[in-house]
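Colleague: The structure's right below; bear with me while I get my questions together.
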Ligand code: ARG
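Numbering (my numbering), first residue to last: 12 to 576.
Written out as structure tokens, the structure is:
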């Protein structure tokens with residue numbers, strides 16, 4: 012649909028950039044384009060004149076019986092209406108080709124890095140956002156035919172491990188830690204900082220222990236391995252709950268052995284200079300403050316590891332894009348990494364185009380608009396949030412007095428609870444700060460996961476009652492609401508393209524919401540099961556395809572559905 016129109020316009024505009032959109036307002040046609048403005052600018056003529064010209068171009072090149080009406084409106088928009096036949100054709104395509112199952116084989120690899128928690132610390136809501144957004148993007152790319160590497164870049168290296176080792180040696184209790192790894196290790200870390208205020212010599216001791224760890228000291232390595240192992244085990248419990256998976260969990264420590272070569276390269280190319288013992292990279296040309304590649308005590312840094320990491324990713328996977336799904340707060344860091352990587356020639360070379368992108372996102376706010384925190388003022392733990400959401404979902408289901416069995420109820424609350432957390436995040440522009448409003452998130456009405464899941468379950472209910480769905484015969488498709496549903500369905504692949512082009516999962520979430528509203532109002536006003544045979548058949552197919560798109564779309568967002576709700 013959009014594709015057809017785009018291709019025809021492309022015949023006139025060539026390489027110029029223009030938009031084709033689905034109209035929100037039926038008065039303005041099915042589709043509309045800004046192509047006349049683009050053409051006017053290029054030819055230095057008036058948009059209205061160009062719009063008229065485009066109208067004749069469209070008439071001439073459209074497939075037969077495709078446009079019902081082409082309208083030119085001030086100051087130069089072109090709106091088109093499809094014929095009923097064209098819409099029927101769209102429906103046939105949807106039902107037969109399963110446009111959304113295929114995707115476009117691009118043979119390109121995209122690395123999507125997300126989650127990336129730090130070992131010995133509980134994940135916080137920032138990691139949750141990264142996990143949810145990254146998973147949705149990875150799913151969308153995969154679905155569209157890209158090769159996707161899902162990368163959990165574990166924070167498992169850095170001077171903090173010197174501190175942790177000291178704290179463990181002084182106050183650690185192995186048994187306690189094994190029982191509650193992230194909680195206890197977190198406490199030890201906090202205690203270290205408290206004690207170090209009174210006893211600054213602890214800092215020095217920690218530096219020494221980290222040096223020993225870097226140097227391969229057996230005892231310290233063993234401790235570090237243990238911290239890592241028990242942390243990863245805890246993380247994987249969370250990932251299982253969220254239904255998130257990775258292809259690799261190679262973390263920061265892996266790049267340890269490559270750091271020297273990065274430092275040497277920086278020095279050899281004259282990109283970094285010693286300053287008070289530290290090694291600094293001048294990024295003036297990029298309008299960025301200098302970046303530190305090595306500290307005065309010789310320890311390397313987060314940034315240096317990211318440089319080794321980007322080189323490794325490019326060599327190993329030859330990706331066309333590397334997406335870093337990391338909070339806004341690290342904007343400067345990634346600008347510096349990408350700038351240095353281009354100075355080093357890792358990116359920006361002609362031969363191998365690779366585009367690194369920092370996929371930023373905002374904070375998570377509590378209901379009063381403050382940074383999310385628990386009563387004690389500490390960052391809320393992700394595990395607690397998941398539990399809370401599931402419990403609240405359970406309560407809502409109980410209040411609805413449905414007659415599900417216990418096991419069913421448990422499963423439905425899980426699906427709703429987790430879906431609500433994910434959808435709350437993914438339905439908002441990732442750049443904005445998001446708010447946790449449990450009531451809204453878990454409501455069965457409005458732009459929420461339960462609303463979409465419930466819509467799906469109701470559609471499934473209709474299909475079940477129908478006892479068999481006839482093969483699609485589009486000839487009975489009516490104009491008006493029936494056709495409106497088809498047009499909405501036909502948008503799905505276009506929406507997915509926009510999601511991966513702009514790295515914006517909320518386009519998909521909002522599309523699914525619109526589809527749900529459309530199909531809900533459709534079956535509230537139009538009889539499905541009680542229609543005459545031919546119409547009933549076509550409408551059942553509408554219901555079926557809508558349920559399918561809802562299910563597939565939600566799955567791409569990482570959200571499950573249930574057949575009954
Ligand atoms: N572990 C880091 C943190 O929790 C995030 C890592 C981001 N990714 C990267 N390539 N630097 O803040």
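Virtual Cβ for every residue (Gly too), placed ideally from N, Cα, C.
So if DSSP puts residue 68 in a beta bridge, which residue, or which two residues, is it bridged to?
Modeller: Note: residue 68 sits in no beta bridge, so no partner.
Colleague: If you draw a straight line from the C-alpha of residue 505 to the C-alpha of residue 131, how long is it?
Modeller: Rounded to whole angstroms, residue 505 to residue 131 spans 43 Å at the Cα level.
Colleague: Which full runs of the alpha helix (DSSP H) of 4+ residues lie inside the segment 272-338, going along the chain?
Modeller: Fully enclosed alpha helix (DSSP H) runs of 4 or longer: 313-328.
Colleague: Taking only the alpha-carbon atoms, compute the straight-line gap between residue 278 and residue 343 and give it to the nearest angstrom.
Modeller: Taking the straight line joining both Cα atoms gives about 22 Å.
Colleague: Going along the chain, which residues put their C-beta within less than 7 Å of some heavy atom in the ligand ARG?
Modeller: My final list is 124, 127, 128, 129, 138, 164, 166, 313, 317, 320, 335, 337, 341, 344.
Colleague: Taking the beta carbon of residue 90 as the centre, do at least 16 other beta carbons fall within 10 Å, making it buried, or is it exposed?
Modeller: The residue is buried, with at least 16 neighbouring Cβ atoms inside 10 Å.
Colleague: Where does residue 397 fall in DSSP's three states?
Modeller: It is helical.
Colleague: Relative to the C-alpha of residue 289, which residue among 68, 303, 209, 161 is closest?
Modeller: Checking every option, the nearest Cα to that of residue 289 belongs to 303.
Colleague: Starting from residue 162 and walking both ways along the beta strand (DSSP E), at which residues does that stretch end?
Modeller: It spans 158-162 - the beta strand (DSSP E) in which residue 162 sits, taken as one unbroken run.
Colleague: What does DSSP give as the partner residues of residue 93 in its beta bridges?
Modeller: BP columns for residue 93 point to 78.
Colleague: Taking 8 Å as the cut-off, decide whether the C-beta atoms of residue 437 and residue 330 are in contact.
Modeller: Contact flag unset, no.
Colleague: Buried or exposed: which applies to residue 557, given that a residue is buried once 16 or more other Cβ atoms fall within 10 Å of its Cβ?
Modeller: Under this definition residue 557 is a buried residue.
Colleague: If we call anything under 8 Å between Cβ atoms a contact, is residue 476 one with residue 546?
Modeller: It is not a contact, given that the beta carbons lie outside the stated cut-off.
Colleague: Taking residue 497 as part of the alpha helix (DSSP H), name the residues at either end of that continuous run.
Modeller: Start and end: 492-501.
Colleague: Use the C-beta contact count for residue 464: other C-beta atoms within 10 angstroms, 16 or more gives buried, fewer gives exposed.
Modeller: Answer is buried; the Cβ neighbour count reaches 16.
Colleague: Can you find the residues in the same chain that come closer than 7 Å, C-beta to C-beta, to residue 235, ignoring five residues on each side of it along the sequence?
Modeller: For residue 235, where only same-chain residues beyond five positions count, the Cβ hits under 7 Å are 172, 224.
Colleague: Which one or two residues does DSSP pair with residue 32 in a beta bridge?
Modeller: According to DSSP, residue 32 bridges with 43.
Colleague: If you draw a straight line from the alpha carbon of residue 385 to that of residue 200, how long is it in whole angstroms?
Modeller: Bear in mind that the predicted position of residue 385 carries a pLDDT of just 48, short of 50, making it too unreliable to give a figure here.
Colleague: Would you say the segment 401-408 touches the segment 420-440, given that touching needs at least three Cβ pairs under 8 Å?
Modeller: In short, these stretches touch, since the Cβ pair count reaches three.
Colleague: What number of angstroms, rounded off, separates the C-alpha of residue 312 from the C-alpha of residue 207?
Modeller: Each residue's alpha carbon lies about 22 Å from the other.
Colleague: Please list the terminal residues of the continuous alpha helix (DSSP H) segment that includes residue 192.
Modeller: That run of the alpha helix (DSSP H) goes 192-209.
Colleague: Grab the span of the beta strand (DSSP E) containing residue 263 for me, first residue to last.
Modeller: No beta strand (DSSP E) holds residue 263; DSSP gives it neither H nor E.
Colleague: For residue 174, name the three-state secondary structure that DSSP assigns.
Modeller: Correct three-state label for residue 174: helix.
Colleague: Can you tell me whether residue 439 is buried or exposed, with buried defined as 16 or more other CB within 10 angstroms of its CB?
Modeller: Answer is buried; the Cβ neighbour count reaches 16.
Colleague: Rounded to the nearest angstrom, what separates residue 387 and residue 454 at their Cα positions?
Modeller: For residue 387, the predicted model reports a pLDDT of 41, less than 50, meaning its position is unreliable; a value from the coordinates is still stated below. Going from the Cα of residue 387 to the Cα of residue 454 covers about 28 Å.
Colleague: Is the segment 230-245 touching the segment 118-138 in the sense that three or more CB pairs, one from each, lie closer than 8 Å?
Modeller: With a cut-off of 8 Å, the segment 230-245 and the segment 118-138 count as touching, because enough Cβ pairs lie within range.
Colleague: Put residue 366 into one of helix, strand or coil per three-state DSSP.
Modeller: Residue 366 falls in the strand class under three-state DSSP.
Colleague: Give the straight-line distance between the Cα atoms of residue 57 and residue 81, rounded to the nearest whole angstrom.
Modeller: One C-alpha to the other measures close to 19 Å.
Colleague: Strictly by DSSP, which residues pair up with residue 392?
Modeller: Answer by DSSP bridge pairing, in chain order: 135.
Colleague: What is the C-beta distance between residue 524 and residue 458, in whole angstroms, given that I count them as a contact (C-beta under 8 Å)?
Modeller: The Cβ separation is near 5 Å, so the contact holds.
Colleague: Is the segment 348-355 touching the segment 290-298 in the sense that three or more CB pairs, one from each, lie closer than 8 Å?
Modeller: These segments touch.
Colleague: Reducing DSSP to helix, strand and coil, say where residue 448 ends up.
Modeller: Here residue 448 sits in coil by DSSP.
Colleague: From the DSSP output, in three-state form, read off residue 530 for me.
Modeller: Helix at residue 530.
Colleague: Our contact map puts residue 377 next to residue 443 with C-beta atoms below 8 Å; I'd like the distance itself, whole angstroms only.
Modeller: Contact doesn't hold; Cβ gap of about 15 Å is too wide.
Colleague: Whole angstroms is fine: what's the gap from residue 507's alpha carbon to residue 555's?
Modeller: The straight-line gap from Cα to Cα measures roughly 20 Å.
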